[in-house]
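Chains as they are written, first to last, in our numbering: chain A, 1 to 114; chain B, 1 to 114.
From the three backbone atoms N, C-alpha and C, an ideal C-beta is built for every residue, glycine too.
Note that the coordinates shown come from a computational prediction; the quantities given were computed from them, not determined experimentally.
All remarks here apply to the structure that follows.
Number of protein chains: 2
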Amino acid sequence: MSGKNPGMDMTTLSALAEPNRRDIVELLCGGPLTVGEIADRLGLRQPQASKHLKVLSDNGIVEVMAEANRRIYKLRPEPFQALDSWLKSFRHVMEGRIDNLEDYLRELQNQKKS
Amino acid sequence: MSGKNPGMDMTTLSALAEPNRRDIVELLCGGPLTVGEIADRLGLRQPQASKHLKVLSDNGIVEVMAEANRRIYKLRPEPFQALDSWLKSFRHVMEGRIDNLEDYLRELQNQKKS
DNA sequence: AACGAATATTCCTGTCAAGGAATATTTTAA
DNA sequence: TTAAAATATTCCTTGACAGGAATATTCGTT
Chain A
1 MSGKNPGMDM TTLSALAEPN RRDIVELLCG GPLTVGEIAD RLGLRQPQAS KHLKVLSDNG
61 IVEVMAEANR RIYKLRPEPF QALDSWLKSF RHVMEGRIDN LEDYLRELQN QKKS
Chain B
1 MSGKNPGMDM TTLSALAEPN RRDIVELLCG GPLTVGEIAD RLGLRQPQAS KHLKVLSDNG
61 IVEVMAEANR RIYKLRPEPF QALDSWLKSF RHVMEGRIDN LEDYLRELQN QKKS
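Shown next, in the form of structure tokens:
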């Protein structure tokens with residue numbers, strides 16, 4: 001159980017941790033957009049938009065499609081599926097599992113006596 | 001649809017973006033642990049373990065319980081539920097939705113003529 | 001009260017990432 | 001071929017953050 005989620009690239013979290021990138025991702029949720037539109041709607045300068053999109057692209061979160069002058073970016077499903085799969089590891093925690101806290105306390109007591 | 005996920009504190013992602021903190025979280029998945037054990041099992045120095053745990057605690061990802069000399073940390077379900085809920089916003093993307101790319105291209109064409 | 005174990009905190013330093021501004025690149029149109 | 005639009009890239013500066021080392025704090029034990 002060393003690599004619990006082989007398909008889950010953990011850098012996905014880092015990429016999504018940046019607020020502007022999260023905004024971009026949520027915006028792209030509504031469908032593919034060009035760099036210019038993304039920058040406009042989010043109040044970003046074009047270079048920063050490009051930079052953030054590059055990070056997202058490097059992480060496989062978005063993909064590009066060249067259309068003449070423009071670059072159309074859109075979301076890729078895989079990272080979100082992987083993230084969802086990773087989250088499932090915590091499902092038993094989320095379900096309010098009765099944790100074995102008392103067992104653990106007993107453990108601590110035993111250690112003390114050794 | 002301004003605040004898409006009111007319960008979702010987005011700083012959760014930042015907290016989980018750090019590798020050691022992710023390790024801590026996955027370790028705590030197996031049940032509550034003291035600082036010392038966390039540090040031991042992950043090969044961290046105690047101060048760094050404490051610091052990371054503080055970040056996780058500030059973000060509501062873990063909670064502490066004082067037991068004599070030790071502090072027992074354990075996961076809190078809420079952030080994971082919120083994260084899961086946020087991910088659901090992307091479910092249609094994750095399902096490999098047929099995006100309206102052609103519609104968008106048509107839009108771009110129309111703009112060009114105006 | 002004093003000591004030791006477990007944990008938290010502080011200070012310092014280096015690294016890295018994000019924004020700003022300018023510029024390079026690519027493509028279309030004239 | 002030149003100009004203009006759309007996008008990418010570079011350089012620079014600054015702020016945030018993680019680790020290291022030392023120290024403070026808290027609690028039980030004797």
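Item, Value
"Give me the chain B residues within the contact set of A:L105, using Cβ-Cβ distance strictly less than 7 Å, ordered along the chain.", "E67"
"Tell me which residue opens and which closes the beta strand (DSSP E) that A:L44 is part of.", "Run containing A:L44: none; DSSP gives neither H nor E here."
"Could you give the uninterrupted runs of the alpha helix (DSSP H) lying entirely in the stretch 26-92 of chain A, keeping only those of 4 residues or more?", "35-42, 46-58 and 77-88"
"Below 8 Å on the Cβ atoms is my guess for A:R76 versus A:E63; work out the distance and round it to an integer in Å.", "5 Å"
"Starting from B:D58, find everything on chain A with Cβ-Cβ shorter than 7 Å and list it in chain order.", "Those do not exist, as B:D58 stays about 15 Å from chain A at its closest Cβ, beyond 7 Å."
"For a contact defined as C-beta to C-beta under 7 Å, what are the partners of A:A17 on chain B?", "L13, S14 and A17"
"Could you tell me whether any Cβ in chain B is nearer than 7 Å to the Cβ of A:P77?", "yes"
"Output the distance between the C-alpha atoms of A:I24 and A:L16, rounded to the nearest integer angstrom.", "10 Å"
"Under a three-way DSSP split, which group does B:M94 fall into?", "helix"
"Looking only at its chain, what residues have a beta carbon closer than 8 Å to the beta carbon of A:V55, apart from the 5 residues adjacent to it on each side?", "A15, E18 and R21"
"Of all Cβ atoms in chain B, is any one closer than 7 Å to the Cβ of A:V93?", "yes"
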